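So that you can map any letter, position 23 of the sequence shown is 29 in the working numbering, and since no number is skipped, the others follow by simple counting. We put the beta carbon where it would ideally sit given N, CA and C, even for glycine. A quick note: this is a predicted structure, and the numbers were derived from the prediction, not measured. Below is one structure; the comments refer to it alone.
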Amino acid sequence: MAPASAAGSIDGGLYSWVTELAQRAPATLDSAVRLWSDYGLALFAVIMLVSWWRSRSADPGRTAMALCAPLVVVAAYVVNDVVKSAFHEQRPCRTLHVVTVEACPALGDWSFPSNHAAVAAAAATAIWLTGRRLGAVAVPAALLMAASRVWVGAHYPHDVLVGLLTGALVAWPLTVAARRCAPAVVRMRDSRLRPLVAAP
7 MAPASAAGSI DGGLYSWVTE LAQRAPATLD SAVRLWSDYG LALFAVIMLV SWWRSRSADP
67 GRTAMALCAP LVVVAAYVVN DVVKSAFHEQ RPCRTLHVVT VEACPALGDW SFPSNHAAVA
127 AAAATAIWLT GRRLGAVAVP AALLMAASRV WVGAHYPHDV LVGLLTGALV AWPLTVAARR
187 CAPAVVRMRD SRLRPLVAAP
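Right under this line is the structure:
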């Protein structure tokens, strides 16, 4: 377990500066960032759905990668949550006592690393490897998700940076490995499941 003072000494000053900036920002901006922080992960689900839809007319390997993307994201979340449970870092809004845009999570809702950042990074990585055009949307969105978590006061900057790294490092090899499921996609294209893996 990392002491709260040790965690805060890494980038507590930067966190405080960002949260103070958020307090001086227009209310409409804070509201927009809060909405993105709370519900933005839904965008990645939509992009993964579009990625799967487009992949049906692609080679079987790419289709397999698109189909496995949700499982890759779940795996990244699980790994990140295991890391989170090992460190037990309190939220910065609990230890630094700053005013934040969003209500501070309850005690015991650990901060390091950020699950939101890990999930966003995993989804963006899987989407990028499946198709660069959609990846060009997903990658900036993941970075914005990470930044929003600091802006609303839920995380230290190092929480989201490690979350992004964890999500990407888990998603990259798993997504690449998903290409090995191409033979299964080929068999599905010759079955009643064809609409799931092949365009009309």
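Alpha-carbon spacing of residue i relative to residue j, whole angstroms
| i | j | result |
| --- | --- | --- |
| Pro-119 | Asp-196 | 43 Å |
| Met-71 | Val-85 | 20 Å |
| Thr-69 | Gly-18 | 43 Å |
| Thr-172 | His-161 | 16 Å |
| Leu-73 | Trp-58 | 6 Å |
| Pro-111 | Ala-183 | 36 Å |
| Ser-154 | Ala-75 | 24 Å |
| Ala-109 | Arg-100 | 11 Å |
| Val-105 | Ala-31 | 13 Å |
| Thr-181 | Lys-90 | 23 Å |
| Ser-11 | Ala-48 | Here Ser-11 scores only 47 on pLDDT, less than 50, and its place in the model should not be relied on; the value that follows carries that caveat. If you take the alpha carbons of Ser-11 and Ala-48, they lie about 34 Å apart. |
| Ala-130 | Ala-177 | 9 Å |
| Arg-185 | Asp-115 | 36 Å |
| Trp-157 | Ala-51 | 23 Å |
| Ala-188 | Asp-65 | 8 Å |
| Met-7 | Ser-117 | Residue placement at Met-7 cannot be trusted, given a pLDDT of 42 that sits under 50; what the coordinates show is reported in the next sentence. Between Met-7 and Ser-117, the C-alpha separation is close to 12 Å. |
| Pro-201 | Arg-193 | 12 Å |
| Val-107 | Arg-40 | 7 Å |
| Asp-87 | Val-78 | 14 Å |
Cβ-Cβ separation, residue j to residue i (assumed contact under 8 Å), whole Å
| i | j | result |
| --- | --- | --- |
| Val-125 | Trp-134 | Not a contact, Cβ separation roughly 15 Å. |
| Ala-142 | Ala-174 | Contact flag wrong, Cβ pair sits at about 16 Å. |
| Ile-16 | His-164 | 5 Å |
| Ala-147 | Leu-170 | Rounded, the Cβ-Cβ distance is 12 Å, inconsistent with contact. |
Short CB-CB distance (under 9 Å) between residue i and chain B
| i | result |
| --- | --- |
| Ala-28 | Of the chains in the structure shown, none is chain B; there is only one protein chain. |
Residue burial classification, residue i (beta-carbon count within 10 angstroms, cutoff 16)
| i | result |
| --- | --- |
| Pro-98 | buried |
| Gln-29 | exposed |
| Thr-34 | exposed |
| His-94 | exposed |
| Val-80 | exposed |
| Pro-9 | Only weak support exists for where Pro-9 lies, its pLDDT of 46 falling under 50; the value from the coordinates is given anyway. The residue is exposed, with fewer than 16 neighbouring Cβ atoms inside 10 Å. |
| Trp-42 | buried |
| Val-166 | buried |
| Ala-92 | exposed |
| Arg-62 | buried |
| Tyr-45 | exposed |
| Leu-140 | buried |
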